[in-house]
């Protein structure tokens, strides 16, 4: 039985190996059309990238002090009028978290973040952009969290054709409810489109990663595309041609007894 959400047509459940291809498709369809997605996969996403990405997702590795406990949830959309999980649902969104339940020493949390290569990412990837963007973000977020207990939302993606149905919000609030239950904070890295949604969920900016993408990497800004201007009031000026990712944190919300 999946977790019931505010939209009765959406249920959350653990993924299975059979979900991996659609999870990879949703991820690359959700992120592949913005400036960073195009720079990360300059020739378009290849099947090799999808297969490598899916293979690294599941099964999750065994929990360790250094790498935490990996948690996945998928959001399924069910037809109108279906009141239980007997009928098949359509996977339309998913999320990945890393959970650190206990404090860690600096030796345990301040570990080297490996550089990615074409071999590790899959044919069609741009390792230089990957390391300047995603690896650098990982390091900044790590240095802010240090060794405190924390739940980190690593990935949240919704199929573009299934947005605004509440799947992403259901996944966000599932994670915040878990963090509140454990009495720990949550952290994430917010793209410009996701920034307002995460603020609505109680996250506040605690850092940023600004990457010059037009002059340095030849990125092209589509008409109407946000590079992070919606965070200027919170995080300061944004230089022309620079793409901003906000690092955000939400403290545990302790309920009064």
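Residue numbers (the working numbering): 20 to 276.
All residues carry an ideal CB built from backbone N, CA and C; glycine is no exception.
Could you check which residue in the options has the C-alpha nearest to that of residue i?
i	options	result
residue 217	81, 268, 273	268
residue 118	198, 75, 180	198
residue 174	85, 65, 92, 243	92
residue 248	265, 114, 184, 233	265
residue 236	260, 242, 78, 227	260
residue 33	243, 76, 184, 69	76
residue 89	250, 194, 244, 51	194
residue 54	168, 270, 234, 253	234
residue 97	36, 176, 181, 74	181
residue 251	219, 229, 270, 39	229
residue 201	52, 232, 121, 238	121
residue 151	231, 241, 243, 253	231
Give me the Cβ distance between residue i and residue j, rounded to the nearest whole Å; I'm assuming they're in contact under 8 angstroms.
i	j	result
residue 203	residue 116	Contact flag wrong, Cβ pair sits at about 12 angstroms.
residue 246	residue 222	Contact flag wrong, Cβ pair sits at about 20 angstroms.
residue 95	residue 108	3 angstroms
residue 166	residue 208	About 19 angstroms; that fails the 8 angstroms criterion.
residue 179	residue 49	6 angstroms
residue 226	residue 137	Residue 226 to residue 137, Cβ: 29 angstroms. No contact.
residue 169	residue 205	7 angstroms
residue 140	residue 146	6 angstroms
With a threshold of 16 other CB atoms inside 10 Å of the CB of residue i, please say whether the residue is buried or exposed.
i	result
residue 273	exposed
residue 31	buried
residue 43	buried
residue 256	exposed
residue 215	exposed
residue 83	exposed
residue 149	buried
residue 27	exposed
residue 123	buried
residue 29	buried
residue 46	buried
residue 36	exposed
Since residue i sits in a beta bridge, which residues does DSSP pair it with?
i	result
residue 263	229
residue 83	87
residue 28	Per DSSP, none; premise fails for residue 28.
residue 278	In the structure displayed, the chain extends from 20 to 276; residue 278 sits before or after that span and is not available.
residue 197	DSSP, once it has assigned bridges, lists no residue as partnering residue 197.
residue 132	Answer is none; residue 132 lacks a bridge partner.
- Message: For the region 179-189 against the region 60-72, do three or more pairs of beta-carbon atoms, one drawn from each stretch, fall closer than 8 angstroms, so that the two count as touching?
- Response: Look at the beta carbons and you see the region 179-189 not touching the region 60-72: under three pairs across the two are nearer than 8 angstroms.
- Report yes or no: do the region 128-145 and the region 157-165 share at least 3 C-beta pairs separated by less than 8 angstroms? Counting C-beta pairs with one atom in each stretch, the region 128-145 and the region 157-165 have three or more that are closer than 8 angstroms, which means they touch.
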